[in-house]
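In what follows, a single structure is set out as structure tokens and then discussed.
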Amino acid sequence: RVWLTGLPRYDNLYDESKNKITIMPTWRKNLEGPLMPHSSQRAYIRDFKETDYYQFYNGLINDERLLDVMRKHGYTGTFYMHPVFEKQTKDFQSNDVFEVGEGVADYQTVFRESNLMITDFSSVAFDFAYLKKPVIYSQFDAESFYKNHVWGRGYFTYEANGFGPITRDLESTVLTLIDYIEHDCKMKQEYVDRVEDFFAFTDRNNCDRVYQAICTVK
Numbered sequence: 507r508v509w510l511t512g513l514p515r516y517d518n519l520y521d522e523s524k525n526k527i528t529i530m531p532t533w534r535k536n537l538e539g540p541l542m543p544h545s546s547q548r549a550y551i552r553d554f555k556e557t558d559y560y561q562f563y564n565g566l567i568n569d570e571r572l573l574d575v576m577r578k579h580g581y582t583g584t585f586y587m588h589p590v591f592e593k594q595t596k597d598f599q600s601n602d603v604f605e606v607g608e609g610v611a612d613y614q615t616v617f618r619e620s621n622l623m624i625t626d627f628s629s630v631a632f633d634f635a636y637l638k639k640p641v642i643y644s645q646f647d648a649e650s651f652y653k654n655h656v657w658g659r660g661y662f663t664y665e666a667n668g669f670g671p672i673t674r675d676l677e678s679t680v681l682t683l684i685d686y687i688e689h690d691c692k693m694k695q696e697y698v699d700r701v702e703d704f705f706a707f708t709d710r711n712n713c714d715r716v717y718q719a720i721c722t723v724k
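Under my numbering, think of the first position of the sequence shown as 507, with each following residue one higher.
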């Protein structure tokens with residue numbers, strides 16, 4: 507039997523927004539370094555700064571138009587690398603607004619404290635959207651991603667089912683983010699509707715439902 511209960515970990519998701527923007531993209535199979543001997547970590551990639559991936563995200567966190575708006579509205583930001591790219595963290599340039607997170611993020615704390623998330627194809631968007639906070643899918647390399655990465659297209663499409671707008675380049679990403687900041691980072695109604703349609707429950711009673719379901723087993 508399959509019980510519809512909701513995910514227990516979601517009970518630890520609640521809003522503690524602190525005027526923070528989080529950027530949390532996934533990795534790229536065609537860019538990963540080799541596994542280090544006797545380790546689960548990947549080696550440093552020496553030409554990483556030459557990739558479109560680096561150019562996009564380093565350009566985003568250092569875009570002066572975005573930084574000026576964030577300063578004006580009292581926002582700070584953190585850019586988190588996927589653990590596969592952990593060794594590349596030192597390549598990115600932080601500033602007075604955006605810091606580059608080191609190590610593995612405390613995901614649930616990040617979700618609670620952030621007002622908005624920018625991701626690309628990562629499943630972290632599901633947990634974040636559960637809070638009905640805005641998500642921007644920045645998919646500047648969509649064609650390459652589906653061609654070279656380990657993921658394939660499935661039943662869930664970002665256009666029809668996603669919880670936020672899709673941007674295809676740096677310019678549209680910056681302008682979309684600025685627009686959200688200037689409107690207090692509120693999730694737009696069409697995406698609120700998608701969240702409510704996608705999740706059977708958007709409360710914090712998932713553990714209780716699991717427990718009650720277990721108690722029915724004889």
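Beta carbons are placed, not taken as given, at the ideal position from N, Cα and C, and that holds for glycine. The structure displayed is predicted, hence computed values, not measured ones.
Residue i classed as buried or exposed, judged by whether at least 16 other C-beta atoms fall within 10 angstroms
| i | result |
| --- | --- |
| residue 526 | buried |
| residue 620 | buried |
| residue 721 | exposed |
| residue 510 | exposed |
| residue 548 | buried |
| residue 533 | buried |
| residue 718 | exposed |
| residue 521 | exposed |
| residue 569 | buried |
| residue 476 | Outside the shown range of the chain (507 to 724) lies residue 476, about which nothing can therefore be said. |
| residue 658 | exposed |
In DSSP terms, what residue i is bridged to
| i | result |
| --- | --- |
| residue 641 | 623 |
| residue 725 | This structure does not reach residue 725, given that the chain is present from 507 up to 724, and the question cannot be answered. |
| residue 548 | 541 |
| residue 672 | 643 |
Boundaries of the alpha helix (DSSP H) in which residue i is found, first to last residue
| i | result |
| --- | --- |
| residue 565 | 558-567 |
| residue 679 | 676-688 |
| residue 694 | Per DSSP, residue 694 belongs to no alpha helix (DSSP H) and is neither H nor E. |
| residue 653 | 648-654 |
| residue 715 | 712-721 |
| residue 611 | Segment: none, residue 611 is in no alpha helix (DSSP H) and carries neither H nor E. |
| residue 706 | Premise fails: residue 706 is in no alpha helix (DSSP H) and is neither H nor E. |
| residue 665 | 664-667 |
| residue 630 | 630-636 |
Residue i versus residue j: straight-line alpha-carbon distance, rounded
| i | j | result |
| --- | --- | --- |
| residue 696 | residue 702 | 10 Å |
| residue 645 | residue 662 | 15 Å |
| residue 507 | residue 679 | 43 Å |
| residue 564 | residue 598 | 6 Å |
| residue 668 | residue 700 | 8 Å |
| residue 617 | residue 540 | 30 Å |
| residue 560 | residue 554 | 7 Å |
| residue 592 | residue 573 | 24 Å |
| residue 536 | residue 557 | 11 Å |
| residue 641 | residue 693 | 8 Å |
| residue 652 | residue 562 | 18 Å |
| residue 643 | residue 626 | 5 Å |
| residue 608 | residue 615 | 15 Å |
| residue 660 | residue 648 | 14 Å |
Residue from the options whose Cα sits closest to the Cα of residue i
| i | options | result |
| --- | --- | --- |
| residue 586 | 623, 602, 537, 553 | 623 |
| residue 729 | 564, 532, 636 | Residue numbering for the chain in the displayed model covers 507 to 724; residue 729 lies beyond these limits and cannot be assessed. |
| residue 639 | 647, 660, 686, 573 | 686 |
| residue 671 | 618, 631, 655, 538 | 631 |
| residue 576 | 556, 601, 522 | 601 |
| residue 590 | 659, 706, 658, 530 | 530 |
| residue 583 | 606, 596, 594 | 606 |
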